[in-house]
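Participant: Just dropping this structure here.
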Amino acid sequence: MMRLDKLLAHSGYGTRKDVKEIIRKGYVIVNGDVIRDDDFKVDEDNDEVIVQGSSVNYEKMIYLMLNKPDGYISATYDRHDPIVMDLIEGYENRGLFPVGRLDKDSEGLLLITNDGLLAHKMLAPKYHVDKKYYIKYDGIVTSDKKNMFEGGITIDDGYKCKEAKFIPLSSNEAYVVISEGKFHQVKRMMEAIGCKVTYLRRVEFGPLKMDDTLGLGEYRHLTEDEVKSLKIE
Numbered sequence: 080m081m082r083l084d085k086l087l088a089h090s091g092y093g094t095r096k097d098v099k100e101i102i103r104k105g106y107v108i109v110n111g112d113v114i115r116d117d118d119f120k121v122d123e124d125n126d127e128v129i130v131q132g133s134s135v136n137y138e139k140m141i142y143l144m145l146n147k148p149d150g151y152i153s154a155t156y157d158r159h160d161p162i163v164m165d166l167i168e169g170y171e172n173r174g175l176f177p178v179g180r181l182d183k184d185s186e187g188l189l190l191i192t193n194d195g196l197l198a199h200k201m202l203a204p205k206y207h208v209d210k211k212y213y214i215k216y217d218g219i220v221t222s223d224k225k226n227m228f229e230g231g232i233t234i235d236d237g238y239k240c241k242e243a244k245f246i247p248l249s250s251n252e253a254y255v256v257i258s259e260g261k262f263h264q265v266k267r268m269m270e271a272i273g274c275k276v277t278y279l280r281r282v283e284f285g286p287l288k289m290d291d292t293l294g295l296g297e298y299r300h301l302t303e304d305e306v307k308s309l310k311i312e
């Protein structure tokens, strides 16, 4: 059994505050009865819940797109710094976690879920899931340096990165596409060619594209089509 407001929040109808308002205005029907009590208990597997004429389909697996702001650690716990999970409301005890990581000072697309199998497939090297970043940088990228990305850049610890793409946008802006996730990888690749990243934002993760309507720190449920696109075979 689950509180009605919690079920609606978990189903994408807004924050706990938002759904409490929906319930109290009489917009929610459970098994044919209008319910105005936000802590009303429902059986998420068997009860029929309707909000303004549409049935609620409660999903045990949750998929959220977060526009990560600067200053947050991509983790479920940290002793010293705020974590991205601090930005997610209403999903207590659902086992959510960020898929992969973005550096503390980086921004952009972060997938939040409780689907461990999907997370493994998004991150496992054998699936080669691309990640696309918009960067600003100091330095000059010549055509020879650009070609180094395609051949695999060797970073400071001697590791040779897999083939990547450097797509110039201006004299100090570019997209970088990688299929790995080594610690600070994009920054270290740029350092290896004599440049310094001054701003980094992830704009794509596999088939997912950053929703530009989301402000920093905002999130939304993935659409049905977005979830289907993530089902890597």
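Heads up, the sequence shown stops at 312 in this note's numbering, and the numbers go up one at a time, no gaps. Where is the CB? At the ideal position from N, CA and C, for every residue including glycine. In this text the structure is predicted, and so the values were computed from the model without any measurement.
1) What is the C-beta distance between Arg180 and Ser153, in whole angstroms, given that I count them as a contact (C-beta under 8 Å)?
2) Which first and last residues belong to the beta strand (DSSP E) in which Asp304 is found?
3) Where DSSP assigns a beta bridge to Val121, which residues make up the other side?
4) Can you give the beta carbon distance from Tyr151 to Val135, rounded, assuming they're within the 8 Å contact cut?
5) In this structure, what does DSSP give as the bridge partners for Arg299?
6) Using the Cβ count rule (16 or more neighbours within 10 Å means buried), how would you classify Leu196?
7) Which class does Arg115 belong to by DSSP, given the choice of helix, strand or coil?
8) In terms of alpha-carbon separation, which member of Gln131, Val255, Val98 lies closest to Asp118?
9) Helix, strand or coil for Arg267 per DSSP?
10) Given a cut-off of 8 Å on the beta-carbon distance, is the pair Phe228 and Lys244 in contact?
11) Decide if Gly285 is buried, meaning its Cβ has at least 16 other Cβ atoms within 10 Å, or exposed.
12) Could you please give the first and the last residue of the uninterrupted beta strand (DSSP E) stretch that includes Ile232?
13) Just to confirm my understanding: we take Glu252, look at its own chain, exclude 5 residues before and 5 after, and list those with CB closer than 6 Å. What are they?
14) Looking only at DSSP bridge pairs, what is Phe284 linked to?
15) Does the region 221–238 come within contact of the region 298–311, defined as at least 3 CB pairs closer than 8 Å?
Facilitator: According to the data block:
1) The beta-carbon distance between Arg180 and Ser153, rounded to whole angstroms, is 4 Å. This is short enough to meet the 8 Å contact definition.
2) Per DSSP, Asp304 is not a residue of any beta strand (DSSP E); the alpha helix (DSSP H) it occupies stretches across 303–308.
3) For Val121, the pairing in a beta bridge is given by DSSP as Met81.
4) Under the criterion of beta carbons closer than 8 Å, Tyr151 and Val135 do not qualify as touching, at roughly 30 Å.
5) The partner list for Arg299 (beta bridge, DSSP) reads Met144.
6) Looking at its Cβ environment, which holds fewer than 16 other Cβ atoms inside 10 Å, Leu196 is exposed.
7) Arg115: coil per DSSP, three-state reduction.
8) The residue with the shortest Cα to Cα distance from Asp118 is Val98.
9) In this structure, DSSP gives Arg267 a helical state, which the three-state scheme calls helix.
10) Using a Cβ distance threshold of 8 Å, Phe228 and Lys244 count as a contacting pair.
11) Around the beta-carbon of Gly285, 16 or more other beta-carbon atoms lie within 10 Å, marking it buried.
12) Under the DSSP assignment, Ile232 falls outside any beta strand (DSSP E); it carries neither an H nor an E label.
13) Sequence-distant partners of Glu252 (beyond 5 residues in either direction) whose C-beta falls short of 6 Å from its own C-beta, in its chain, are Lys215.
14) Its beta-bridge partners are Lys210, Leu287.
15) With the cut-off at 8 Å, the region 221–238 and the region 298–311 do not touch.
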